[in-house]
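So the mapping is simple: the numbering used here equals the position in the sequence shown, first residue as 1, plus 601. The beta-carbon is built from N, C-alpha and C at its ideal position, and this holds for glycine as well. Report on the structure given below.
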Amino acid sequence: MKFVDTSVLRIGYEEWNPHAARTVVLLHGWPDSPRTWAQVAPVLALQGWRVIVPALRGFSPTRFLSDDTPRSGQLSVLGRDLLELIAQLRLHKPALVGHDWGARAAGNACALQPGVASHLVLLSVAYGTNLPSQDLSLEQARQYWYHWYMATPRGQRAVRENRNAFAKIMWETWAPSGWFTPEEFETTAQAFANDDWPEVTLHSYQHRWGHAPGDVCYAAEEQALSIITPLDVPTLILHGDADGVNLPASFMGQSQYFLNRYERKLMPGIGHFPQREDPEQVASELIKFLAV
């Protein structure tokens, strides 16, 4: 594991093929860790890519540099963290590939700094679904039960006092059964074993729906992302038709937000974690898309 400092974080990241000319940044989601890319990253490295896989804020081994920094999980901040990582590592137009929270970070980074990426790939998350004012079907609202639960004292206690059980029920219900072993979950959950994870988690979902204020240091980012900005970057969206949290309907009508090449691939029988459930197909789709 390597480390790089940004304005507020010491970001831990894994790296493959560090001297390659082309770079791809793979971003994990919630509740997950860089391990989510363990079977994809080496394949991309063998195809000639430098591969960087950071741990997001709140996830070990990434940590805050100061105890005084608000443990914000707001989605605009995830985008800013990514832009600072790119700047500190002096990456030139890397391809950005994100799953779940990582997809939101990648999309927001592209909106905040047009031209920062050569390609954008979003897994299991539709672009333009961050705003509290968005339309939300009753079916989708039901899938977001944990969002609403975390806005209550009972839900906050669950995250703070029983984080692994809370995270594990997401793994158990967001994809068809049998896709992970208890050992894999426990190993991944080591990334949740710090004081920041519950606070960043709670703030992210509370802020997303207007139940908590944002960090004032990121007011400019919040303002910039208060409308859905069309992106001028080649974009691929991958999602499973058996996703138990973000329903396939949420990915419809997305083409209006992309000014460049846009592709959407539906993966039959796959749930919320395509890179874990079918890493071979995900790696193949990435290789094809990033080649152009």
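For residue j and residue i, the rounded distance between their alpha carbons
| i | j | result |
| --- | --- | --- |
| Asn896 | Val678 | Nothing in the structure corresponds to residue 896, since the chain is present only between 602 and 893. |
| Gly543 | Ile770 | With the chain covering only 602 through 893, there is no way to say anything about residue 543. |
| Pro880 | Tyr806 | 28 Å |
| Ile838 | Ala727 | 8 Å |
| Ala707 | Val626 | 9 Å |
| Trp798 | Asp633 | 11 Å |
| Arg862 | Pro849 | 21 Å |
| Leu610 | Thr670 | 9 Å |
| Val817 | Glu878 | 38 Å |
| Val605 | Gln640 | 24 Å |
| Met853 | Ala892 | 26 Å |
| Glu773 | Gln876 | 16 Å |
| Gly756 | Arg743 | 16 Å |
| Gly674 | His808 | 8 Å |
| Val883 | Leu723 | 11 Å |
| Val644 | Ala710 | 25 Å |
| Arg764 | Phe793 | 8 Å |
| Val760 | Phe660 | 14 Å |
| Asp668 | Glu784 | 32 Å |
| Ala768 | Arg865 | 28 Å |
| Gly680 | Phe874 | 21 Å |
| Lys603 | Asp682 | 16 Å |
| Glu787 | Ala642 | 21 Å |
| Val652 | Arg664 | 21 Å |
Start and end residues, beta strand (DSSP E) containing residue i
| i | result |
| --- | --- |
| His812 | Careful: His812 lies outside any beta strand (DSSP E) and carries neither H nor E. |
| Leu666 | Leu666 -> no beta strand (DSSP E), and no H or E assigned at all. |
| Gly703 | First-last for Gly703: Trp702 to Leu713, but that is the alpha helix (DSSP H), not the beta strand (DSSP E). |
| Thr782 | Premise fails: Thr782 is in no beta strand (DSSP E) and is neither H nor E. |
| Pro655 | Trp650 to Pro655 |
| Leu692 | Looking at the DSSP string, Leu692 is not in any beta strand (DSSP E), and its letter there is neither H nor E. |
| Leu724 | Leu721 to Leu724 |
| Asp736 | No beta strand (DSSP E) holds Asp736; DSSP gives it neither H nor E. |
| Phe660 | That residue, Phe660, is in no beta strand (DSSP E); it is neither H nor E in DSSP. |
| Val717 | Run containing Val717: none; DSSP gives neither H nor E here. |
| Val605 | Lys603 to Asp606 |
N-terminal and C-terminal residue of the alpha helix (DSSP H) that residue i is part of
| i | result |
| --- | --- |
| Lys889 | Pro880 to Leu891 |
| Leu683 | Leu676 to Gln689 |
| Thr753 | Segment: none, Thr753 is in no alpha helix (DSSP H) and carries neither H nor E. |
| Phe767 | Arg764 to Thr774 |
Nearest-angstrom beta carbon gap, residue j and residue i [assumed within contact, 8 Å]
| i | j | result |
| --- | --- | --- |
| Ala718 | Leu684 | In fact, because the Cβ distance is near 10 Å, the residues do not count as touching under 8 Å. |
| Thr624 | Leu692 | 5 Å |
| Gly872 | Ala776 | 2 Å |
| Val834 | Leu686 | Going by Cβ atoms, the distance from Val834 to Leu686 rounds to 18 Å, so no, they are not a contact pair. |
| Asp844 | Ser725 | 6 Å |
| His840 | Leu867 | 6 Å |
| Ile828 | Gln648 | Contact doesn't hold; Cβ gap of about 37 Å is too wide. |
| Leu803 | Met751 | 6 Å |
| Trp810 | His748 | 6 Å |
| Ala712 | Thr830 | 4 Å |
Residue nearest to residue i in terms of C-alpha spacing, selected from the options
| i | options | result |
| --- | --- | --- |
| Ala825 | Trp798, Leu891 and Pro715 | Pro715 |
| Val801 | Gly815, Gly649 and Leu867 | Gly815 |
| Glu740 | Glu784, Pro783, Val652 and Val846 | Val846 |
| Gly630 | Leu657, Phe852 and Arg809 | Leu657 |
| Val654 | Thr637, Tyr819 and Asp668 | Thr637 |
| Phe890 | Pro643, Thr836 and Val644 | Thr836 |
| Pro662 | Gly680, Pro635, Tyr747 and Leu645 | Pro635 |
| Trp650 | Asp701, Phe786, Asn765 and Pro619 | Pro619 |
| Ala622 | Ala646, Leu628 and Met602 | Ala646 |
| Ala766 | Ala790, Ser851 and Leu732 | Ala790 |
| Thr730 | Asp668, Arg705, Gln689 and Phe874 | Arg705 |
| Leu676 | Glu616, Ala642, Arg664 and Leu732 | Leu732 |
| Gln857 | Gly870, Pro869, Ser851 and Leu832 | Leu832 |
| Thr753 | Gln855, Ala813, Glu616 and Gly613 | Ala813 |
Note down, one range per segment and in chain order, each alpha helix (DSSP H) of at least 4 residues found wholly within the region 791-874. Counting only runs that start and end inside the region 791-874, the alpha helix (DSSP H) elements of at least 4 residues fall at 797-809 and 820-825.
Let me know the alpha helix (DSSP H) ranges lying completely inside the region 611-653, each 4 residues or longer, listed in chain order. Secondary structure in the region 611-653: the alpha helix (DSSP H) runs of 4 residues or longer, each lying completely within the stretch, are 642-647 in chain order.
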